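Going down the list, the sequences are from chains A and B.
Mapping of the first sequence onto our numbering: residues 11 to 246, in sequence order.
Mapping of the second sequence onto our numbering: residues 11 to 246, in sequence order.
Number of protein chains: 2
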Amino acid sequence: MIDDPEALRAFLEDFASRPGRKVLVHGGGRAATALSKRLGIETKMIEGRRVTDAATLDIATMVYAGLANKQIVAQLQALGCNAIGLCGADANAIKAHKRPAEPIDYGFVGDIDSVNAPMLKHLTDAGIVPVLCAITHDGNGQLLNTNADSVAQSVATALAQLTDVALCYSFEQLGVMRDIADPASLIKEITPALYTELKADGTISGGMIPKLDNAFRAISAGVKSVSIGATKIMDR
Amino acid sequence: MIDDPEALRAFLEDFASRPGRKVLVHGGGRAATALSKRLGIETKMIEGRRVTDAATLDIATMVYAGLANKQIVAQLQALGCNAIGLCGADANAIKAHKRPAEPIDYGFVGDIDSVNAPMLKHLTDAGIVPVLCAITHDGNGQLLNTNADSVAQSVATALAQLTDVALCYSFEQLGVMRDIADPASLIKEITPALYTELKADGTISGGMIPKLDNAFRAISAGVKSVSIGATKIMDR
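Laid out in structure tokens, this is it:
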């Protein structure tokens, strides 16, 4: 929805209106790919996944930590929500390490090691709303491109050690569905057993698998409630 | 120095090593102009000053709030300095209004109305080092491109109401000089009277005038000590 100003506005209005302490994690939509294209930087893909070379990392940093993050923060401020935009380097919010080059070299891609949950909780306790983009750092000066769903899961899991957390994945679909074309096929609750079954018969595939893996990881690590759109993730 | 990785690194090492509470304000160097050029966006100038249209604002936001800010923060973190990168929208750090379109329409350029000094002081008291880029917001969702020297002056002046502040303008020259080619011509102290004299005889001109105006504004508004490179700004 980050690519659609109307949808983003509606989402941010809803988000701003929700009471209580909250954190927003966002990706960057298609703007990074579009900017790469305009700059004539080739998007390298390996097995359907983008490779982050140095030029692509700069673009991701500009688009995610710069344009998308600051536009979201400015809109939330206008809605009376005291947002603060952060990447993982800011106040050491999220530390990661560069994914090993073997077996596949994805370049400057980060896998998360730790989340500075006390700092994030300190901000939310003060009425400030952290808005996190999916750029992390390795503590040695290197920024790293990181999966936004993984950031959301890691942040929720780390905060769950300090306080009760609900993790809501916003989603362009209604939720997890057996048939994308049929709203009636929405799965209201998904258990690990049902997930295994739906993966085995091919109902759930592709990009939904890492998303659901992250969701199940969060619920089993102590996050009180996890949802993907209208689908509730059950720990059993 | 932001365009020169070696110079930036040396500066950040020096900055990180300084004791006490501190705030860093930075511009974006020539990277924004270079990116505009690569994207085929014309840089419009009026009377030697750049006009910030919507496309140019997006580029400034990407380069200043994104790439430059996060690279500085990641490097400071590696140096053991707990930096947090902010634009003016973040936690409502700096509010500005769009400069009136009359007599000259500079586009999305902001003149500063207020600085959230209590929030910045709260961060520095907690051992966190705010790193501010020169993108501000108007509180109604609009980001604005702002002069970095003015941001530094406004932040120093606002913090000076709460605590003792020294404002140091980093500078590519040794300091304010009568003759750029002659290091011996460095002006060690500059008073308002000397400034008036040096402007009248043309020794000080061009971009040095707004820089010095900002410096004198800060010293007369309660900032304890103001310097431009090795030149000390005196209030009388």
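The C-beta atom is built at its ideal place from N, Cα and C for all residues, glycine as well.
Note that this is a predicted model, so its numbers are computed, not measured.
- Judged by DSSP in its simplified three-state form, Val-186(A) adopts coil rather than helix or strand.
- Asn-224(A): member of the alpha helix (DSSP H) spanning 218-230, first to last residue.
- Listed along the chain, the chain A residues whose CB falls inside 8 Å of the CB of Ala-99(B) are Lys-80, Val-83, Ala-84, Gln-87, Ala-93, Gly-95.
- Think of a sphere of 8 Å around the beta carbon of Asp-68(A): the chain B residues whose beta carbon falls inside it are Leu-77, in chain order.
- Leu-18(B) and Thr-206(B) have their C-alpha atoms spaced approximately 33 Å apart.
- Between Arg-109(B) and chain A, the shortest Cβ-Cβ separation is not below 8 Å.
- Straight through space, the alpha carbons of Leu-184(B) and Asn-224(B) are spaced by roughly 18 Å.
- Taking all protein chains in view, the Cβ of Gly-117(A) is crowded by 16 or more other Cβ atoms within 10 Å, so the residue is classified as buried.
- Where Thr-134(A) is concerned, the enclosing alpha helix (DSSP H) starts and stops at 127-135.
- Annotation for Val-33(A): no beta strand (DSSP E) segment contains it, and DSSP assigns it neither H nor E.
- Taking CB atoms only, Gln-152(A) has a neighbour in chain B less than 8 Å away.
- The residue among Gln-81(B), Ala-26(B), Leu-22(B), Leu-67(B) with its C-alpha nearest the C-alpha of Ala-42(B) is Leu-67(B).
- Leu-177(B) is the residue among Pro-202(B), Leu-177(B), Ala-101(B) whose C-alpha sits nearest the C-alpha of Ser-235(B).
- Per DSSP, Ile-51(A) lies in no beta strand (DSSP E) and is assigned neither H nor E.
- DSSP places Glu-16(B) within a helical segment (H, G or I) once states are collapsed to three.
- When secondary structure is reduced to three states using DSSP, Ser-215(B) falls in the coil class, being assigned neither helix nor strand.
- Cβ-Cβ distances below 7 Å link Gly-137(B) to Asn-92 in the same chain, with the five nearest sequence neighbours on each side left out; the list follows chain order.
- The beta carbons of Val-165(A) and Ala-144(A) sit no closer together than 8 Å.
- A straight-line Cα-Cα distance of about 29 Å links Met-55(A) and Ala-65(B).
- Distance from the CA atom of Lys-47(A) to the CA atom of Glu-199(A), rounded to whole angstroms, is 40 Å.
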